[in-house]
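Numbering-wise (our numbering), the sequence shown opens with residue 56 and increments by one.
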Amino acid sequence: MKISILTLFPEMFDGFKNSSIIKRAIDKNILDIEVINIRDFSTLNNKQVDDTPYGGGAGMVMRVDIVYDAIESVRTPESKVYLMSPAGKVFNQGIAKELSSFKHLILVCGHYEGIDDRITNFIDGEISIGDYILTGGELASMVITDAVTRLVDGVITKESLDDESFNDDLLDYPTFTRPFEFKGYKVPDVLISGHHENINKWRMEERIKRTEERRPDLKDNK
Ligand SMILES: C[S@@+](CC[C@H](N)C(=O)[O-])C[C@H]1O[C@@H](n2cnc3c(N)ncnc32)[C@H](O)[C@@H]1O
Numbered sequence: 056m057k058i059s060i061l062t063l064f065p066e067m068f069d070g071f072k073n074s075s076i077i078k079r080a081i082d083k084n085i086l087d088i089e090v091i092n093i094r095d096f097s098t099l100n101n102k103q104v105d106d107t108p109y110g111g112g113a114g115m116v117m118r119v120d121i122v123y124d125a126i127e128s129v130r131t132p133e134s135k136v137y138l139m140s141p142a143g144k145v146f147n148q149g150i151a152k153e154l155s156s157f158k159h160l161i162l163v164c165g166h167y168e169g170i171d172d173r174i175t176n177f178i179d180g181e182i183s184i185g186d187y188i189l190t191g192g193e194l195a196s197m198v199i200t201d202a203v204t205r206l207v208d209g210v211i212t213k214e215s216l217d218d219e220s221f222n223d224d225l226l227d228y229p230t231f232t233r234p235f236e237f238k239g240y241k242v243p244d245v246l247i248s249g250h251h252e253n254i255n256k257w258r259m260e261e262r263i264k265r266t267e268e269r270r271p272d273l274k275d276n277k
């Protein structure tokens with residue numbers, strides 16, 4: 056899978072591309088991340104990319120023509136283009152799964168007051184990572200890239216994905232490791248019983264209990 060990220064701040068992705076699961080997926084040639092500097096597509100003085108909003112108001116707006124040229128420089132017939140936007144569909148595991156099935160994602164990061172709205176005529180959708188305002192779309196594109204990458208075949212084992220939270224509208228079960236006792240808190244006995252059937256039963260009960268207590272809304276996602 057290839058992910059092209061269009062941004063005014065390419066340096067923000069240096070650490071991201073060189074750490075953890077993303078780095079491993081790149082090293083294994085399962086993932087290719089290309090970071091494109093939108094500013095390279097400006098032909099204006101001082102490589103300007105934004106301008107004042109029509110109708111007045113605060114801040115600067117990124118120009119549609121420059122962002123369009125940046126998108127077209129990487130678009131292929133297999134590309135799906137998504138704009139990072141607080142007005143978009145709120146990202147979740149279902150969207151991550153859908154995106155992981157595409158060969159090429161183009162994630163466009165806005166900045167300042169956002170991008171001239173006419174850009175929506177040239178993209179496949181807008182995605183928000185939650186109901187808050189970030190300074191730019193860079194962190195949103197990293198969140199999406201991370202969540203999508205771990206679902207791509209070969210990146211992590213299928214077993215690791217199976218019981219994960221949100222996979223089946225249930226949260227994951229609680230996990231424990233050594234020491235067996237810490238400041239009076241012990242690991243549940245069933246986990247050291249060696250009885251796999253009982254362990255699986257306990258884990259499923261915990262998943263249901265946690266979901267009912269913490270995220271009863273997940274049931275309604277079905
Ligand atoms: C400061 S924000 C613009 C906010 C915009 N004026 C508004 O009130 O909706 C600049 C850029 O950050 C990104 N961004 C901000 N919050 C986001 C969110 N919750 N999800 C995804 N992208 C976000 C978008 O790309 C946006 O164009």
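Each residue gets a CB set at the ideal place from its N, CA and C atoms; glycine is no exception.
| query | Any chance the segment 225-233 sits against the segment 247-262, with 3 or more Cβ pairs inside 8 angstroms? | reply | yes
| request: Under 6 angstroms Cβ to Cβ from Cys-5, same chain only, skipping five residues before and after it: list those, please. | output: Outside the displayed range of the chain (56 to 277) lies residue 5, so it cannot be described from this structure.
| message | Give me, in chain order, the residues of the same chain whose beta-carbon lies closer than 6 angstroms to that of Phe-68; leave out the 5 immediate sequence neighbours on both sides. | response | Val-90
| task | Rounded to whole angstroms, what's the CA-CA distance from Glu-236 to Asp-244? Just pull it up for me. | result | 11 angstroms
| task | Report yes if the C-beta of Tyr-240 is less than 7 angstroms from at least one heavy atom of ligand 1; otherwise report no. | result | no
| In its own chain, which residues sit with a C-beta less than 7 angstroms from the C-beta of Thr-204, not counting the 5 before and 5 after it? | Ile-76, Ile-77, Ala-80, Leu-86 and Val-210
| Per DSSP, cross-strand counterpart(s) of Asn-92 | Answer is Thr-62.
| query | DSSP beta-bridge partners for Val-145? | reply | Ser-183
| Near Glu-133, what residues of its chain come up, given a Cβ to Cβ distance below 6 angstroms and the 5 sequence neighbours on each side ignored? | Lys-158 and His-159
| message | How far does the alpha helix (DSSP H) with Leu-194 in it extend, from its first residue to its last? | response | Per DSSP, Leu-194 belongs to the alpha helix (DSSP H) from 193-204.
| Span separating the alpha-carbon of Gly-111 from that of Asp-105 | Between Gly-111 and Asp-105, the alpha-carbon positions lie close to 14 angstroms from each other.
| message | For Ile-182 and Ile-170, which I take to be in contact (beta-carbon distance under 8 angstroms), what is that distance rounded to the nearest angstrom? | response | Incorrect: roughly 14 angstroms between the Cβ atoms, too far for contact.
| Residues near Gly-114 in its chain [Cβ-Cβ closer than 6 angstroms; skip 5 each side] | Excluding sequence neighbours, Gly-114 sits near Tyr-167 and Glu-168.
| message | Taking the alpha carbon of Lys-135 as the reference point, which residue from Glu-219, Tyr-187, Arg-233 and Phe-177 has its own alpha carbon closest? | response | Checked all of Glu-219, Tyr-187, Arg-233 and Phe-177; the closest Cα to Lys-135 is Phe-177.
| request: Measure the beta-carbon distance from Ser-59 to Val-119 and round it to whole angstroms, keeping in mind my assumption that it falls under 8 angstroms. | output: About 18 angstroms separates the two Cβ atoms, so there is no contact after all.
| query | How many Å lie between Ile-174 and Gly-143 at the Cα? | reply | 13 angstroms
| Ala-202 to Phe-71 span [Cα, whole Å] | 13 angstroms
| message | Shorter than 7 angstroms, the distance from the beta carbon of Pro-271 to the closest heavy atom of ligand 1, or not? | response | no
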